[in-house]
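Q:
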Amino acid sequence: MQYEAIRVEIDAAAHLATITLNRPEKLNSFTRAMHTQLHAALDEALAAGVRALVLTGAGRGFCAGQDLADLNLEPGASTDLGAVIEEQFNPLVRRLQALPLPVIAAVNGIAAGAGANLALACDIAIAARSASFAQSFVKIGLVPDSGGTAFLPQRVGMARALGLAITGDKINAEQAERWGLIWQVVDDAELLAQATELATKLAQQPTRAIAAIKRAMRASTTHTLDQQLDLERDLQRELGNSYDYAEGVQAFIQKRAPRFEGR
């Protein structure tokens, strides 16, 4: 399917989808229409049975967050930003976090505001060496949204999270990697190839287990130890009855490579 602001490529043989934010002239900043198209693209990818997803941006930026031109900024009649968050960004972040497959952000340039937190909402973020990240909300009198106030302290600690949020300063990809904000930095020319290689590898893994790992890791931020132990028990019981567990055990016994199917 064709979308104006989103490009979708599905490799059926590799069970892989690559979704590209495609408003390069606007640094892939979001409009209402772009949100709708991205959800449709995710629907398309899931319907195709993909088992891994790469999210990237066209041109010189990954995503600059919200396109302010899509908002009404007239005093007394300005757009309700809470409604924009509730109706557009929050559902997207929740969906990316809950997708039953690995999601890799390939950050190809500036990731600013909600665009930075969109990358952090993915399971693994790989950045080009020339990429940068900025929590630019404070520069227009706002608070980090799209999960920023959760993702930042979890990944870099409170001191650095507050520093990034309060100053709005931009950090480069190598600093983001050193701080643990992202998984890996690669040379610009290798970004999409490296992200695709990792996604292709993960698509061959037991993706049902990967979905359970995502769920358990994210639950740990609000669970007590007892709650987390119970969740691990329940997930292990469920996965212990799966095809992939049986296949993995048989492959180990037979000293061969497993053939996982994500079920």
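Numbered by this note's numbering, the letters in the sequence shown go through residues 80 to 342 in order.
We treat Cβ as the ideally placed atom computed from N, Cα and C, and that holds for glycine.
Where D159 and R257 are concerned, what is the direct C-alpha to C-alpha distance, given to the nearest angstrom?
A: Near 37 angstroms, if we compare the C-alpha coordinates of R257 and D159.
Q: Go ahead and pull the three-state DSSP assignment for R86.
A: Three-state DSSP puts R86 in a strand.
Q: What does a CB cutoff of less than 8 angstroms around E311 pick up in its chain, not counting 5 residues either side in sequence?
A: Around E311: A295.
Q: Quick check: V129 and A96, are their CB atoms within less than 8 angstroms of each other?
A: A contact, by the Cβ cut-off of 8 angstroms.
Q: Please classify F331 as buried or exposed, where buried requires at least 16 other C-beta atoms within 10 Å of its C-beta.
A: The residue is exposed, with fewer than 16 neighbouring Cβ atoms inside 10 Å.
Q: So, with DSSP's three-state summary, where would you put K105?
A: Helix, per DSSP.
Q: Measure how close the beta-carbons of L197 and H114 come, nearest whole angstrom, since I'm counting them as under 8 angstroms.
A: Not quite, the Cβ-Cβ distance comes to about 11 angstroms (not below 8 angstroms), so this is no contact.
Q: Going by DSSP, what residue range makes up the beta strand (DSSP E) through A206?
A: Note, A206: beta strand (DSSP E), I203 to A207.
Q: Helix, strand or coil for N320, going by three-state DSSP, please let me know.
A: DSSP places N320 in coil when its eight states are reduced to three.
Q: Is DSSP giving A191 helix, strand or coil here?
A: Looking at A191 - three-state DSSP - the assignment turns out to be strand.
Q: Do the CB positions of A244 and L231 come within less than 8 angstroms of each other?
A: It is a contact, given that the beta carbons lie within the stated cut-off.
Q: Taking only the alpha-carbon atoms, compute the straight-line gap between I189 and R139 and give it to the nearest angstrom.
A: Roughly 7 angstroms between the two C-alpha positions.
Q: Measure from the alpha carbon of T279 to the alpha carbon of each residue in D266, A92 and A213, then state which is nearest.
A: Closest by alpha carbon: A92.
Q: Tell me, to the nearest whole angstrom, how far the beta carbon of R287 is from that of G341; I am working on the premise that it is less than 8 angstroms.
A: Confirmed, Cβ separation roughly 5 angstroms.
Q: Sort E104, A191 and E153 by Cα distance to Q145 and report the nearest one.
A: Among E104, A191 and E153, the Cα nearest to that of Q145 is on A191.
Q: Could you tell me the boundaries of the alpha helix (DSSP H) in which G242 lies?
A: It spans M237 to T246 - the alpha helix (DSSP H) in which G242 sits, taken as one unbroken run.
Q: Give me whichever residues DSSP pairs with F212 in a beta bridge.
A: Its beta-bridge partners are A190 and I250.
Q: Which word fits N107, buried or exposed, when buried means at least 16 other C-beta atoms lie within 10 angstroms of its C-beta?
A: With 16 or more other Cβ atoms within 10 Å, it is buried.
Q: Which residues in the same chain have their Cβ closer than 6 angstroms to the Cβ of R234, if we skip the five residues on either side of it in sequence?
A: Once the five neighbours on either side are set aside, the close Cβ partners of R234 are G259 and L260.
Q: Below 7 angstroms CB to CB, which residues in the same chain sit around N151 once its five sequence neighbours on both sides are set aside?
A: Within the same chain, N151 has close Cβ partners S157 and T158.
Q: Which of the three DSSP states, helix, strand or coil, is assigned to T135?
A: Of the three classes helix, strand and coil, the one that applies to T135 here is strand, per DSSP.
Q: On the CB-based measure, 16 or more other CB atoms within 10 Å of its CB, does A272 come out buried or exposed?
A: Looking at its Cβ environment, which holds fewer than 16 other Cβ atoms inside 10 Å, A272 is exposed.
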